[in-house]
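Residue numbers (the UniProt record's numbering): 1 to 157. C-beta atoms are modelled at their ideal positions from N, C-alpha and C, and glycine is treated no differently. Bear in mind the structure is a predicted one, so any value in this text is a computation, not a measurement. Working notes for the structure below.
Laid out in structure tokens, this is it:
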């Protein structure tokens with residue numbers, strides 16, 4: 001949950017709603033399942049317009065024992081790994097191996113904690129390659145994995 005809230009706050013900041021506590025509380029409901037949404041709506045800090053976003057988060061976390069355990073990494077960490085290799089380039093097999101190790105270390109934690117899906121991880125992974133390599137990879141993968149359904153991720157193994 002702390003990771004969920006941190007990721008939500010990042011998106012909320014980009015959407016310029018992070019200074020509106022009421023909007024933050026309402027919009028966060030769009031990202032949870034129906035059962036969770038109903039529960040969060042019932043919390044006193046949600047119903048009370050005078051209660052801040054931070055107080056709402058605190059009340060939510062109090063209702064989920066153990067939820068404050070944060071995974072070792074965040075999406076921002078993965079973005080930094082990708083950006084680092086986009087800037088330096090992946091020009092040989094040694095650089096590719098180094099990129100893969102750094103990327104896998106971060107992405108495994110994100111998928112393990114349900115922060116990113118396999119499709120999202122794959123989307124980040126290929127960002128370091130030029131468009132010509134993307135096209136070649138897609139063609140090669142389509143030939144080797146004809147049974148894969150559209151929208152499923154290819155394994156990064």
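Within the same chain, show all residues whose beta-carbon is closer than 7 Å to that of residue i, passing over the 5 residues directly before and after it, in chain order.
i: residue 82; result: 124, 127 and 128
i: residue 85; result: 99 and 128
i: residue 102; result: 81
i: residue 55; result: 45
i: residue 142; result: none
What does a CB cutoff of less than 8 Å around residue i pick up in its chain, not counting 5 residues either side in sequence?
i: residue 44; result: 51 and 59
i: residue 47; result: 41
Does DSSP put residue i in a helix, in a strand, or in coil?
i: residue 32; result: coil
i: residue 22; result: helix
i: residue 118; result: helix
i: residue 37; result: helix
i: residue 63; result: coil
i: residue 90; result: coil
i: residue 50; result: coil
Just checking my contact of residue i with residue j at CB under 8 Å: how many whole Å lie between their CB atoms?
i: residue 75; j: residue 116; result: 7 Å
i: residue 23; j: residue 17; result: 5 Å
i: residue 21; j: residue 53; result: 4 Å
i: residue 119; j: residue 107; result: The pair is not a contact, with the Cβ atoms about 12 Å apart (cut-off 8 Å).
Could you compute how far the alpha carbon of residue i sits from the alpha carbon of residue j?
i: residue 63; j: residue 37; result: 13 Å
i: residue 29; j: residue 68; result: 19 Å
i: residue 145; j: residue 61; result: 43 Å
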